[in-house]
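Undergrad:
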Amino acid sequence: MTENPQDDPHGIALTRTFDARRDLVFEAWTTPAHFAYWFGGELTVPVERMTMDVRPGGSWSLVMHSPDGSELPFSGVYREVVPPEALEFTLNDAYAPSSSEGELIRVTLRDLGDRTEMAFRQLGGNLTPEQYQQAEAGWTSFFDRLAGLLARA
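Going by our numbering, the letters in the sequence shown line up with residues 8 to 160, in that order.
1) Measure the C-alpha to C-alpha separation of residue 138 and residue 72 and round it to an integer number of angstroms.
2) Return the Cβ separation of residue 124 and residue 113 in integer angstroms, given the expectation that the two are a contact with Cβ distance under 8 Å.
3) State the Cα-Cα distance for the pair residue 106 and residue 126, rounded to the nearest angstrom.
4) Would residue 108 and residue 97 be called neighbours here (beta carbons separated by less than 9 Å)?
5) Using C-beta distances below 6 Å, list every residue in its chain close to residue 60, excluding the 5 sequence neighbours before and after it, in chain order.
6) So the alpha helix (DSSP H) residue 32 belongs to, where does it begin and stop?
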C-alpha cells in the first residue's frame with residue numbers, strides 16, 4: 008500500500024475486531040452477496056445492481072436504495088488485492104467531481120486465529136469535516152451489520 012494513513016489528515020481511521028477467521032472477513036469484502044448485505048447498513052443493495060471485478064485494475068459498482076425511493080450509486084477501482092489480508096480501492100459517489108478518483112479505501116486484516124482485526128482507512132480529502140463525520144458514522148453502522156453477518160457464518 009502506497010501511503011501511511013497519517014500522511015493525510017483528511018479521512019477516517021477505524022479498527023474493529025470480528026469474531027471470525029480472516030478468510031471469512033476477506034470474503035465478506037469481496038463476494039457480491041455478502042458485500043450487498045452489509046454495505047449500506049439498513050439500506051437495500053440489490054445484488055443484481057452491483058458488479059465486483061476483484062483484481063488490481065478491476066472495477067466495482069453498486070446502487071443503494073434509500074427509504075424515499077432514491078438511488079445512491081457508488082463505484083471505484085481496485086488498486087491492490089492481497090487475499091486474505093488486504094484490499095485497496097477507490098470510492099466514488101454521485102457527488103464526486105468527474106475529475107476526482109474519489110476517496111481511497113484501505114482494509115488490512117490481521118489474523119488473530121478465530122478472530123480478525125480489521126484496520127479501515129478512508130483517505131482523500133475530498134469531503135468536508137462534516138461529511139467525514141457522517142461517513143464515519145455510516146461505516147460504523149456498516150461494520151455492525153458486517154459483524155452480524157460474520158456471527159452467522
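Cβ coordinates follow ideal geometry from the N, Cα and C atoms, glycine included.
This one's a predicted model, so the numbers in the text were calculated from it and none came from an experiment.
TA: Result, derived from the coordinates:
1) Each residue's alpha carbon lies about 20 Å from the other.
2) So it is not a contact: roughly 14 Å between Cβ atoms.
3) A straight line joining the alpha-carbon of residue 106 with that of residue 126 spans about 28 Å.
4) In this structure, residue 97 lies closer than 9 Å to residue 108 by Cβ.
5) Excluding positions up to five away in sequence, the list reads 66.
6) 29-37 is the extent of the alpha helix (DSSP H) around residue 32.
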